[in-house]
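Undergrad: Numbering (our numbering), first residue to last: -7 to 744.
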DNA sequence: AAAAAAC
């Protein structure tokens, strides 16, 4: 792709061999330009994916596609005239699409106004959310359903609401509409996957025809909307379909519910006194449509009393390990004087240049265990030459790479070593520039590094030290190929350090191939022996999952909720917010700016609850996470240990609660055994003392937290980016910029 | 089987 961009964007270079320095330079420039435009991707707003704005949007969704494609467009502008002609000819397909789109758009548009009214006047919207996907919750939906039906019969509106509202996941949309629209939806749905597959080609197609695009643009918005979020999630949606369908089978029950309902409504006063979940929920939904002003501050984490951190006194024992004096001095300034066991065990061997395997519990200080000797050795050597770094730290996630950079930065600065974060989702420019200028240490994720290697921007032939953090994960399928390729490019006599809290057979394979006479340091058993961690397993019924999750998450202190899928993360986070628990999702489907911002907010305390996939399972350190709730059980015992390890770090205390559905009981039990965790599964229901006390939960308020609060949280606090890039200038004139002749889409639109 | 990792 990178190459494709280069070609498309700088046709003049295309046919010439890039031999002369001048030509090389020109090519580099082109690359940089394309990289620069690709940065815009990071500015896709969270709202683009997940807001539920009611007004017709010109830009939402659209923006994403355009951004993605824009690099070429801007370069190709000159070419457009001719191409346009071409695209015309090609249009058959196009026009087809277009009609399609147009139609949808109309549809949407018309619907939108009314929907709003609905929202304003009615109370229905949210209930649905809540119940959306849980069959259990549905009981409350059911109450509503009668009227909706009538609506359906009389008008077409009901669904629109659906449509609008829950755009966020797109799911509830499907849900209630089952009656009339189902057909519609279905087709649509089944159509989507196709679209998806087709999209690749279509996109290609479009690319060449950029001119055609501009025509289409207006039409595209709605479509985008529709597809918007789920570029990744969509396929998952399909999975959800099964249950939904089951839903449809419920005809009879509905009848039943309807009959029931009038009575319940009449006794709403009484209902209020009853604190059953469904009823409170209904009552409180009214707040949602009012969309009262909120500020994120209201939802800040309730700080729990700080735990005393171990204070080390006396002479700095890092000095005894043979580390560079400047380094030791800086460590002292940072309050680090006593090495953790894993550090004391591995540093001497690492300084001696030996290959090693290090295993230390989660939160036991592995970053410094490999960081300090790496820095020490870098400081001893010469400055790295351009493009040829001397050390490489590889991590499985971008966040972890950033965290390692953050942890090592002060030490690197003290030693006047140059470093660069090399990870996807971020601008190429600083990465290319650093390599150009020469950089001593790269902290990288595999994909982007491979990309830079392929471009010839990086050369690993002078790498003296390679570190694999979370080595066992890196040795797993899906990672190991990339890692092998990278390791193959480093000198065979270089030092290699493999670290993780769990080392297993997969690591042995890598160790066997890439390590020479390695020494292994295991400071603890591989099981969950973190003594300050408490484990609980709650055996629950499916219909209680949501209320229990909400109750537990609604606790003071920072909480991480782990789920299995990206879509699940979005969904649970949304559900929590609708219950009045401020939560945001973190997963690989978000763009990097969003990921970074969510994590930052969680660290700072603005966000008390993080709902994450396993992207956050390993290595991520956040102070004072006092509970890890595994709403979906982890895949295996290693994941259990790593997820759990987000709490009880560096001597803090923490609790881990794992929810298991009846059919998961066996697997969870087996996993606990392998993980060495001694926890007896307990049957619980939402109001049990177990939930309220053991997990520290509290019944949530059910005062839905509006999307605007989340959008506000996600809005970058300073101009985007960590580098010196100051971000795109603020949009003016409705986002239309004459010079560019292009509407500048983007921004966070979802907060109104 | 999902997620992650480049665009």
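All residues carry an ideal CB built from backbone N, CA and C; glycine is no exception.
(1) Does DSSP put residue 473 in a helix, in a strand, or in coil?
(2) Who pairs with residue 453 in a beta bridge, going by DSSP?
(3) As a quick exercise: from 680, 545, 613, 290, pick the residue whose alpha carbon is nearest that of residue 389.
(4) Which of the three DSSP states is assigned to residue 322 in this structure?
(5) Less than 8 angstroms between the CB atoms is what I'm expecting for residue 366 and residue 399, so what's the real figure, rounded?
(6) Look up residue 544 in the DSSP assignment and say whether it is helix, strand or coil.
(7) From the DSSP output, in three-state form, read off residue 528 for me.
(8) Which residue wins for smallest C-alpha separation from residue 529, given the options 694, 651, 368, 699?
(9) Taking the alpha-carbon positions, what's the residue 591 to residue 477 distance?
(10) What is the DSSP secondary structure of residue 459, reduced to helix, strand or coil?
(11) Residue 458 and residue 410 - do their beta-carbons sit closer together than 7 angstroms?
(12) Using a 10 Å radius around the Cβ and a threshold of 16 neighbouring Cβ atoms, would you call residue 569 buried or exposed?
(13) Hey, residue 382 and residue 432: beta-carbon distance below 7 angstroms or not?
(14) Compute the distance between the beta-carbons of residue 578 and residue 604, then report whether it is under 7 angstroms.
(15) Given residue 449, which residues of its chain have a CB within under 6 angstroms of its CB, disregarding the five upstream and five downstream residues?
(16) Considering Cα atoms alone, identify which of 649, 504, 403, 396 is closest to residue 437.
(17) Alpha helix (DSSP H) containing residue 335: first to last residue?
(18) What separation, rounded to the nearest whole angstrom, lies between the Cα atoms of residue 665 and residue 628?
(19) Would you list the residues sitting across from residue 673 in a DSSP beta bridge?
(20) Verify whether the separation of the beta carbon atoms of residue 631 and residue 667 is less than 7 angstroms.
(21) Can you tell me whether residue 326 is buried or exposed? The criterion is at least 16 other CB atoms within 10 Å of its CB, across all chains shown.
(22) Once DSSP output is grouped into helix, strand and coil, what is the label at residue 614?
(23) From residue 649 to residue 522, what distance separates their C-alpha atoms?
(24) What separation, rounded to the nearest whole angstrom, lies between the Cα atoms of residue 542 and residue 691?
(25) In the structure shown, what three-state DSSP assignment does residue 430 receive?
(26) Give the DSSP bridge partners of residue 424, in chain order.
(27) Once the 5 residues before and after residue 507 are set aside, which same chain residues still bring their CB inside 6 angstroms of it?
(28) Look at the alpha carbon of residue 384 and the alpha carbon of residue 685, and state the distance between them as a whole number of angstroms.
(29) By the 10 Å Cβ neighbour count, where 16 or more other Cβ atoms means buried, how is residue 483 classified, buried or exposed?
(30) Might you give, ordered along the chain, the residues of its own chain that have their beta carbon closer than 7 angstroms to the beta carbon of residue 514, omitting 5 neighbours on each side?
(31) Start and end of the beta strand (DSSP E) containing residue 399?
(32) Smallest Cα separation from residue 295: which of 469, 323, 503, 615?
(33) Which value, in whole angstroms, describes the spacing of the CA atoms of residue 545 and residue 565?
(34) Taking the alpha helix (DSSP H) that residue 590 falls in, what are its first and last residues?
(35) Within 10 angstroms of its Cβ, does residue 405 collect 16 or more other Cβ (buried), or is it exposed?
(36) Are the beta-carbon atoms of residue 574 and residue 697 separated by less than 7 angstroms?
TA: Reading off the structure:
(1) Helix at residue 473.
(2) Beta-bridge pairing links residue 453 to no other residue.
(3) When only C-alpha atoms are compared, the closest one is 613.
(4) Note: residue 322 maps to helix in three-state DSSP.
(5) Approximately 12 angstroms separates the beta-carbon atoms of residue 366 and residue 399; this is outside 8 angstroms, ruling out the contact.
(6) Here residue 544 sits in helix by DSSP.
(7) It is a strand residue.
(8) For the residues 694, 651, 368, 699, the minimum Cα distance to residue 529 belongs to 651.
(9) Residue 477 has its alpha-carbon roughly 30 angstroms from the corresponding atom of residue 591.
(10) Note: residue 459 maps to strand in three-state DSSP.
(11) No, these two residues do not count as a Cβ contact at 7 angstroms.
(12) Buried: at least 16 other Cβ atoms inside 10 Å.
(13) Closer than 7 angstroms, so yes.
(14) For residue 578 and residue 604, yes; Cβs fall inside 7 angstroms.
(15) Cβ neighbours of residue 449 beyond the five flanking positions: 424, 427.
(16) Closest by alpha carbon: 396.
(17) Segment 333 to 343, the alpha helix (DSSP H) holding residue 335.
(18) Cα to Cα, the separation comes out at about 11 angstroms.
(19) Residue 673 is bridged to 529.
(20) Between residue 631 and residue 667, the C-beta spacing is not below 7 angstroms.
(21) Classification for residue 326: exposed.
(22) Residue 614: coil per DSSP, three-state reduction.
(23) Within the model, the alpha-carbon separation for residue 649 versus residue 522 is close to 15 angstroms.
(24) Using only the alpha carbons, I get a separation of about 8 angstroms.
(25) DSSP, read as helix, strand or coil, puts residue 430 in coil.
(26) Paired residues: none, contrary to the question.
(27) Annotation for residue 507: 347, 488 place their beta carbon closer than 6 angstroms to its own, counting only its chain and skipping 5 residues before and after.
(28) About 46 angstroms.
(29) Exposed, because fewer than 16 other Cβ atoms sit within 10 Å of the Cβ of residue 483.
(30) For residue 514, where only same-chain residues beyond five positions count, the Cβ hits under 7 angstroms are 351.
(31) Note, residue 399: premise wrong, no beta strand (DSSP E); alpha helix (DSSP H) at 390 to 406.
(32) Ranking 469, 323, 503, 615 by CA distance to the CA of residue 295 puts 615 first.
(33) Roughly 10 angstroms between the two C-alpha positions.
(34) Counted as a single uninterrupted DSSP element, the alpha helix (DSSP H) harbouring residue 590 occupies residues 584 to 596.
(35) Residue 405 comes out exposed.
(36) Yes, Cβ-Cβ distance for residue 574 and residue 697 is below 7 angstroms.
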